[in-house]
Ligand code: SF4
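Residue numbers (the working numbering): 7 to 266.
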């Protein structure tokens with residue numbers, strides 16, 4: 007293999023004088039881009055583990071080697087896959103590596119941003135099952151960010167529906183999706199096909215218009231230009247987030263009117 011200048015620069019950035027990696031773990035992003043293309047996945051896991059050097063029983067490079075093997079096995083991959091390069095893994099396997107990288111830092115909270123994007127439904131279900139079982143087993147919190155209501159409904163106890171950067175409804179996931187209080191939450195639920203209902207699959211209900219420009223939000227309720235039940239005050243009055251039941255809140259002038 008030819009030792010090109012960029013490869014030398016990469017190598018210098020990666021290795022310390024002691025011959026081991028010195029780059030800290032970066033923030034985890036989408037699985038298809040968050041794993042770097044050149045190093046083996048074991049190297050990338052080792053960088054995350056290095057942040058815990060001298061803690062958690064990790065004192066030598068041998069400990070780190072064992073630790074990354076354990077992490078891979080924890081997410082359902084054989085330890086020998088540490089030698090694989092990202093391009094040798096499937097989308098689901100890369101996502102498992104991402105979860106292993108997140109676990110490497112012994113988190114108390116995992117924030118999973120669209121964790122199943124671009125995965126087929128079977129692999130999606132496996133990744134969600136893995137996340138849920140790890141969260142239970144390790145007793146850590148899980149915050150999911152997703153546009154996919156089925157993903158949220160099957161993994162989350164509570165949800166917060168956001169529109170134009172603000173929470174418009176929050177509460178128990180089953181209640182919010184089953185009987186939404188806010189018109190945007192209702193539109194989201196209606197846009198999702200119902201199993202067994204052919205008409206909802208063939209003609210899902212959508213919303214007119216586009217999401218607003220975040221740098222130039224509409225006055226009053228940001229949703230008023232698209233809201234099917236907007237009335238005059240909606241274009242001038244910003245609705246507060248009001249309690250609509252135990253552990254449940256919604257920001258809509260209709261909710262306020264019902265309560266007054
Ligand atoms: S405040 Fe008005 S525009 Fe906003 S969601 Fe409620 S009804 Fe619709």
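The beta-carbon is built from N, C-alpha and C at its ideal position, and this holds for glycine as well.
Please read all numbers here as calculations on a predicted model, not as lab measurements.
Is it the case that the Cβ atoms of residue i and residue j are separated by a distance below 9 Å?
i	j	result
residue 112	residue 147	no
residue 106	residue 86	no
residue 171	residue 220	yes
residue 161	residue 138	yes
residue 121	residue 101	yes
residue 244	residue 227	yes
residue 155	residue 194	yes
residue 110	residue 46	no
residue 51	residue 78	yes
residue 82	residue 129	no
residue 231	residue 218	yes
residue 266	residue 242	no
residue 140	residue 181	no
Taking the continuous alpha helix (DSSP H) assigned at residue i, which residues delimit it?
i	result
residue 212	Neither: residue 212 is in no alpha helix (DSSP H) and is coded neither H nor E.
residue 274	Here the chain has residues from 7 to 266 only, and residue 274 is not among them.
Grab me the residues of residue i's own chain with a C-beta within less than 8 Å of its C-beta, minus the 5 sequence neighbours each way, in chain order.
i	result
residue 34	Residue confidence is low: residue 34 scores 44 on pLDDT, short of 50, so the model does not pin down where it sits. Its coordinate-derived value is still stated next. Around residue 34: 40, 104, 107, 108.
residue 76	85
residue 149	115, 116, 117, 118
residue 8	With a pLDDT of only 41 at residue 8, under the threshold of 50, the placement of this residue in the model should not be trusted, and no figure is reported.
For the beta strand (DSSP E) containing residue i, list its first residue and its last residue.
i	result
residue 256	254–256
residue 260	Residue 260 -> not in any beta strand (DSSP E); alpha helix (DSSP H) instead, spanning 259–265.
residue 251	248–251
Please work out which residues of its chain come closer than 6 Å, Cβ to Cβ, to residue i, disregarding the five sequence neighbours upstream and downstream, and give them in chain order.
i	result
residue 151	119
residue 254	177
Go through its chain and collect everything with a Cβ distance to residue i's Cβ below 7 Å, but skip five positions before and after it.
i	result
residue 134	122, 157, 160, 161
residue 125	97, 98, 101, 133
residue 142	none
residue 32	Low local confidence applies: a pLDDT of 40 at residue 32 is under 50, so the model's placement there is unreliable, and no value is given.
Considering only residues of the stretch 143–194, which uninterrupted alpha helix (DSSP H) runs meet the minimum length of 4 residues and lie entirely inside it, listed in chain order?
Listed in chain order, the complete alpha helix (DSSP H) runs (minimum 4 residues) inside the stretch 143–194 are 155–161, 179–184.
Inter-stretch contact (C-beta, 8 Å, three-pair minimum) for the stretch 180–196 and the stretch 248–259
They touch, by the three-pair rule.
Are at least three pairs of beta-carbons, each pair with one atom in the stretch 159–179 and one in the stretch 246–253, less than 8 Å apart?
Judged by Cβ distances under 8 Å, the stretch 159–179 makes contact with the stretch 246–253, as three or more pairs qualify.
With a floor of 3 residues, list each beta strand (DSSP E) that falls wholly inside the stretch 81–122, ordered by position along the chain.
The qualifying runs are 115–119.
Would you say the stretch 235–245 touches the stretch 150–168, given that touching needs at least three Cβ pairs under 8 Å?
As far as the Cβ criterion goes, the stretch 235–245 does not touch the stretch 150–168, which means the pair count is below three.
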